[in-house]
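Position one of the sequence shown corresponds to residue 779 (my numbering), numbered consecutively onward.
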Amino acid sequence: MMWTSDRSVPRDLTGLSMNELGALTNRLFQELDRNFPNPETRTHYDRIVTELEAREAAADRKGLSSRF
């Protein structure tokens with residue numbers, strides 16, 4: 779698995795489970811809530827949110843629930 783330069787988030791999010799994405803989202807949100815978050819944190823957070831939204835849309839099209 780390829781990771782970003784800070785090894786906090788994999789480059790390819792498609793191989794992660796919904797639970798793994800949820801855990802990363804929570805961790806990154808906590809980082810964003812700090813006084814001086816890492817500048818890349820918002821980018822990583824946005825990428826994960828985009829992946830979660832894409833999965834939810836795909837599940838909705840199939841009539842499935844992607845909630846974890």
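Where a beta carbon is used, it is the ideal one built from N, C-alpha and C, also for glycine.
Can you look up residue i in the DSSP assignment and give me helix, strand or coil?
i: Leu791; result: coil
i: Thr782; result: Since pLDDT at Thr782 reaches only 46, below the 50 mark, its modelled position is unreliable, and the value read off the structure follows with that caveat. Three-state DSSP puts Thr782 in coil, outside helix and strand.
What residue from the options has the CA that sits closest to residue i's CA?
i: Ser786; options: Glu818, Asn813, Ala836, Ala837; result: Glu818
i: Thr792; options: Leu830, Asp838, Ala835; result: Leu830
In the DSSP assignment, find the unbroken alpha helix (DSSP H) run with residue i in it and report its ends.
i: Arg805; result: 796-810
i: Glu834; result: 819-840
Report yes or no: do the stretch 817-826 and the stretch 796-805 share at least 3 C-beta pairs separated by less than 8 Å?
-> yes
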